[in-house]
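K.L.:
One structure, as structure tokens, below. Some questions next.
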Amino acid sequence: MVNEEIARLFERMARVLAFKGGDRFRIMAYERAAVSIRDLEQDLAAIAAEGKLEEIPGIGKDLSEMIGEYVHKGRIGRYERECRGIAPELIDLMSIPGLGPKTLALLHKKAHVNDFDSLMRCLDCAAVAKLKGFGAKKVENIRRGIELWVASQKRMLIGVALPLAENLLEQIRSNRLVERAEVAGSLRRCRETIGDLDILITSKDTPLALNQLTKLPVVRQVLETGDTKAAVIIEGGIHVDIRAVAAESFGAAMQYFTGSKRHNIHLRKIAREHGLKCNEYGLFRGSRRIAGAKEKDIYAALHMAVMPPEMREDRGEIEAALACKIPKVIELADLRGDLHTHSTWSDGKSTLEEMVEHAEALGYEYIALTDHSPSERVAHGLDRTRLEKKIEAVERLRRIRKNRLPHILMGAEVDILGDGRLDYPDDILARLDIVVAGIHAAFKQTKDQITGRYIDAIANPAIDILAHPTSRLIGSREPLEFDFDAVVRAAVEAGVALEINGSMYRLDLSDVMAKTAQEAGALLAIGSDAHSTAQMDQICYGIFQARRGWVEARSVVNTWRWKDLTRWLGRAHGNKVLQFRKAVSA
DNA sequence: GCCGTTTTCGGCCCGACTGTTTTCAGTCG
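Numbering (this note's numbering), first residue to last: 2 to 587.
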């Protein structure tokens with residue numbers, strides 16, 4: 002997809018302009034456009050072909066022309082002209098914390114810094130501390146920034162960040178000076194990756210509390226301490242900002258630091274329209290605070306319903322809140338079962354029995370045991386013989402457990418082969434209670450090939466759920482390129498559910514794609530893809546992702562009662578499905 | 001560079017911390 006390439010180009014354009022000392026609002030315009038493009042589901046090339054680029058927020062006449070040029074020629078003349086005489090490596094350095102455009106420009110001009118090596122050499126040289134605005138501490142700050150930059154090139158997966166944050170929060174709360182402590186920031190919004198942690202506290206003695214918190218056992222390095230804020234690095238190399246606020250401002254601060262940046266900018270704009278000022282201390286009319294202690298009061302004072310933190314990305318939630326149309330998004334408690342799990346029969350670590358018992362402990366009404374098909378050799382995919390043995394094993398387990406819940410669905414995660422066929426013959430597929438199908442190989446096919454492959458697979462009446470549709474691995478494998486809208490349309494028509502895979506490494510569908518799919522009327526399924534009993538609990542990450550995509554429980558098949566689920570699984574393909582959907586939602 | 005109940009020009013969110021400064025610029029979130 003060309004979207005990411007163009008988003009990066011606009012980001013770089015903003016940096017180049019900042020480096021050259023350009024107009025800051027022009028710089029902001031490029032940054033805003035980059036964020037806006039990343040939020041898009043549709044391919045920019047397709048939007049350009051329809052002539053609808055200027056309908057994208059933040060894209061006007063100039064930027065749409067630049068996008069059009071990139072789509073046709075693979076380059077943007079204006080960008081290349083702006084970059085003339087500036088080494089790309091120099092612009093890369095602006096990712097280093099503490100090294101902004103002004104500082105970098107000065108180092109470039111006065112100390113001939115052009116890339117990482119010349120920057121390091123320059124910092125080692127005594128003359129650098131004599132530059133205007135420089136001193137020993139500033140040099141030391143940039144050095145620390147470089148260390149951080151090198152260490153934090155990769156953002157943390159939410160599944161890594163959340164347990165660390167919970168541990169830290171527990172330590173902070175056990176300090177007797179701390180009255181209250183909560184996580185804000187991107188972790189509270191449950192983004193799929195987390196850059197750093199934001200923690201808010203209230204305390205009777207703020208400076209002393211902050212000082213003590215910087216001495217917690219998990220703290221490895223103190224970056225700064227003030228009267229209202231401390232910044233530390235904790236074990237695992239995670240950057241944590243701890244901010245202290247007064248109780249009457251706590252809600253305002255939670256709102257402010259939960260973000261996102263775009264959500265906050267939009268909110269403050271609305272405050273201004275009401276003649277109010279919104280900051281981390283509260284909502285003010287003149288100097289009088291009209292809200293601040295509770296987060297919901299901030300929104301209420303702006304005539305808005307409060308929305309879940311996961312929705313606060315400025316993707317329409319503010320308009321929805323103003324219209325009192327915030328949807329009731331799915332919660333963990335809505336789940337009645339897990340439809341994507343593995344056992345020791347293929348590459349799982351827990352036995353069938355253990356998986357079923359854990360599902361019972363979670364209070365599930367049903368669980369599908371979906372081990373791999375034979376093409377997945379590394380995962381010990383089941384051939385016909387072993388699959389038949391597993392069917393017998395499941396039947397035995399059902400007999401032993403008699404009427405105890407959960408109901409057990411004998412299933413498989415079937416590979417969608419390169420030509421769109423499923424990895425089991427029809428007679429075997431017919432013996433399965435549930436078929437979850439996904440792409441596990443031949444990722445390099447063209448966009449049209451992948452699209453066709455999915456549409457062929459969906460046309461097979463055996464398939465119930467399309468597993469991890471983009472097959473991405475966050476931070477290590479790019480998503481498959483295909484015509485998402487066409488695949489969603491096919492899935493809606495066939496009554497096939499699209500998965501939101503809850504594995505922290507996948508989270509696939511993405512938030513934006515899940516939203517698009519639901520809006521198109523698609524059914525969804527949230528699966529843990531667990532390879533052990535412990536991983537079954539991690540389905541919460543799938544719930545977070547669904548909430549970020551505004552997904553409501555009614556769209557998710559594994560929130561349905563057993564009776565409705567089995568009716569859906571036993572459905573006939575084609576138009577009957579639509580009637581079935583109406584019956585379920587009624 | 002974008003945008004419009006402030007509408008084709010003149011705005012564009014706001015405050016804390018740091019370091020080097022003696023009143024502020026740069027950076028960050």
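Beta carbons are placed, not taken as given, at the ideal position from N, Cα and C, and that holds for glycine.
Need the endpoints of the beta strand (DSSP E) that Tyr367 sits in, please.
P.N.:
Tyr367 to His373 is the span of the beta strand (DSSP E), which, as asked, contains Tyr367.
K.L.:
Do you know offhand how far His373's Cα is from Ala443's?
P.N.:
For His373 and Ala443, the distance between alpha carbons rounds to 17 Å.
K.L.:
If you reduce the DSSP assignment to three classes, tell me which class Ala182 lands in.
P.N.:
Correct three-state label for Ala182: strand.
K.L.:
Where DSSP assigns a beta bridge to Leu525, which residues make up the other side?
P.N.:
In the DSSP output, where bridge partners are listed per residue, Leu525 has Leu499 and Val557.
K.L.:
Among Gly78, Ala324 and Ile527, whose alpha-carbon lies nearest the alpha-carbon of Met308?
P.N.:
When each option's Cα is compared against that of Met308, the closest is Ala324.
K.L.:
Just to confirm, is the Cβ distance from Glu83 to Met29 under 8 Å?
P.N.:
Contact flag unset, no.
K.L.:
Does the distance from the CB of Ile173 to the CB of Ile147 come in under 8 Å?
P.N.:
It is not a contact, given that the beta carbons lie outside the stated cut-off.
K.L.:
Determine the burial state of Thr386: buried for a count of at least 16 other Cβ atoms within 10 Å of its Cβ, exposed for fewer.
P.N.:
With fewer than 16 other Cβ atoms within 10 Å, it is exposed.
K.L.:
With respect to the alpha helix (DSSP H) encompassing Asn142, which residues constitute its N-terminal and C-terminal limits?
P.N.:
Unbroken alpha helix (DSSP H) run through Asn142: Ala137 to Ala152.
K.L.:
Starting from Ile592, trace the beta strand (DSSP E) both ways and give me its first and last residue.
P.N.:
Nothing can be reported for residue 592, as the shown portion of the chain is limited to 2 through 587.
K.L.:
Taking contact to mean 3 or more Cβ pairs, one atom from each stretch, closer than 8 Å, check whether the region 531-548 and the region 493-507 are in contact.
P.N.:
Counting Cβ pairs under 8 Å, three or more are found: they touch.
K.L.:
For Glu332, which three-state DSSP category applies?
P.N.:
It is coil, neither helix nor strand.
K.L.:
Which runs of the alpha helix (DSSP H), 4 residues or longer, sit entirely within the region 236-324?
P.N.:
If we require 4 residues or more, the alpha helix (DSSP H) runs fully inside the region 236-324 come out as 251-259, 262-274, 296-302 and 318-323.
K.L.:
Excluding five sequence neighbours on each side, which residues of the same chain lie with their C-beta closer than 8 Å to the C-beta of Ser376?
P.N.:
Contacts found: Gly382, Asp416, Leu418, Asp424, His441 and Ala442.
K.L.:
State yes or no: is the C-beta of Leu525 within less than 8 Å of the C-beta of Val552?
P.N.:
Cβ atoms of Leu525 and Val552: closer than 8 Å.
K.L.:
From Lys74 to Asp486, what distance separates their C-alpha atoms?
P.N.:
So the two alpha carbons sit approximately 25 Å from each other.
K.L.:
Let's see if you can read the secondary structure: which residues bound the beta strand (DSSP E) around His73?
P.N.:
Taken as a continuous stretch (DSSP letters only), His73 belongs to no beta strand (DSSP E), being part of the alpha helix (DSSP H) at Lys62 to Lys74.
K.L.:
For the beta strand (DSSP E) containing Met2, list its first residue and its last residue.
P.N.:
Segment: none, Met2 is in no beta strand (DSSP E) and carries neither H nor E.
K.L.:
Go through its chain and collect everything with a Cβ distance to Ala458's Cβ below 7 Å, but skip five positions before and after it.
P.N.:
Only Ile417, Gly421, Leu423, Ala438 and Ile464 meet the Cβ criterion.
K.L.:
Determine, using beta carbons only, whether Ala248 and Tyr282 come nearer to each other than 8 Å.
P.N.:
No, the Cβ-Cβ distance between Ala248 and Tyr282 is not below 8 Å.
K.L.:
Go to Thr226, then tell me how far its beta strand (DSSP E) extends in each direction, as first and last residue.
P.N.:
That run of the beta strand (DSSP E) goes Val220 to Thr226.
K.L.:
Under the criterion of a Cβ to heavy atom distance below 7 Å, does Ile466 qualify as lining the ligand HEM?
P.N.:
Among the components of this structure there are no ligands whatsoever, and the ligand HEM is therefore not found.
K.L.:
DSSP three-state call for Lys230: helix, strand or coil?
P.N.:
Lys230 falls in the strand class under three-state DSSP.
K.L.:
Just the Cα atoms here: how many angstroms apart are Leu120 and Leu18?
P.N.:
Using only the alpha carbons, I get a separation of about 20 Å.
K.L.:
Specify the secondary structure class of Gly543 as computed by DSSP and reduced to three states.
P.N.:
Gly543: helix per DSSP, three-state reduction.
K.L.:
Consult DSSP for His408 and reduce its assignment to one of helix, strand or coil.
P.N.:
Three-state result, His408: strand.
K.L.:
Out of Gly522, Leu333 and Thr371, which one is the CA nearest neighbour of His341?
P.N.:
Here the closest residue by C-alpha is Thr371.
K.L.:
Quick one: what's Ser533 bridged to in DSSP?
P.N.:
According to DSSP, which records beta bridges pairwise, Ser533 is partnered with nothing at all.
K.L.:
Going by DSSP in three states, Ala607 sits in which element: helix, strand or coil?
P.N.:
Because the chain is modelled from 2 through 587, residue 607 falls outside the range shown and cannot be assessed.
K.L.:
Could you give the DSSP three-state label for Ile435: helix, strand or coil?
P.N.:
Strand, per DSSP.
K.L.:
Would you mind reading off the limits of the alpha helix (DSSP H) that contains Asp427?
P.N.:
Per DSSP, Asp427 belongs to the alpha helix (DSSP H) from Asp427 to Leu430.
K.L.:
Could you name the residues of the same chain whose beta carbon sits closer than 6 Å to that of Glu366, not counting the 5 residues immediately before and after it, in chain order?
P.N.:
Hits under 6 Å: Arg337, Gly338, Leu406, Pro407 and Trp563.
K.L.:
Can the beta-carbon of Val184 be found closer than 8 Å to that of Leu198?
P.N.:
In this structure, Leu198 lies closer than 8 Å to Val184 by Cβ.
K.L.:
Quick one: what's got a C-beta closer than 8 Å to Ala521's C-beta in the same chain, skipping five residues either side?
P.N.:
If we look at Ala521 and ignore the five residues flanking it on each side, its Cβ neighbours are Asp486, Val489, Arg490 and Val493.
K.L.:
Alpha carbon to alpha carbon, how far is Leu169 from Glu56? Give it in angstroms, no decimals.
P.N.:
So the alpha carbons of these two residues sit roughly 44 Å apart.
K.L.:
Within 10 angstroms of the Cβ of Val246, are there 16 or more other Cβ atoms? Answer buried if so, exposed if not.
P.N.:
The residue is buried, with at least 16 neighbouring Cβ atoms inside 10 Å.
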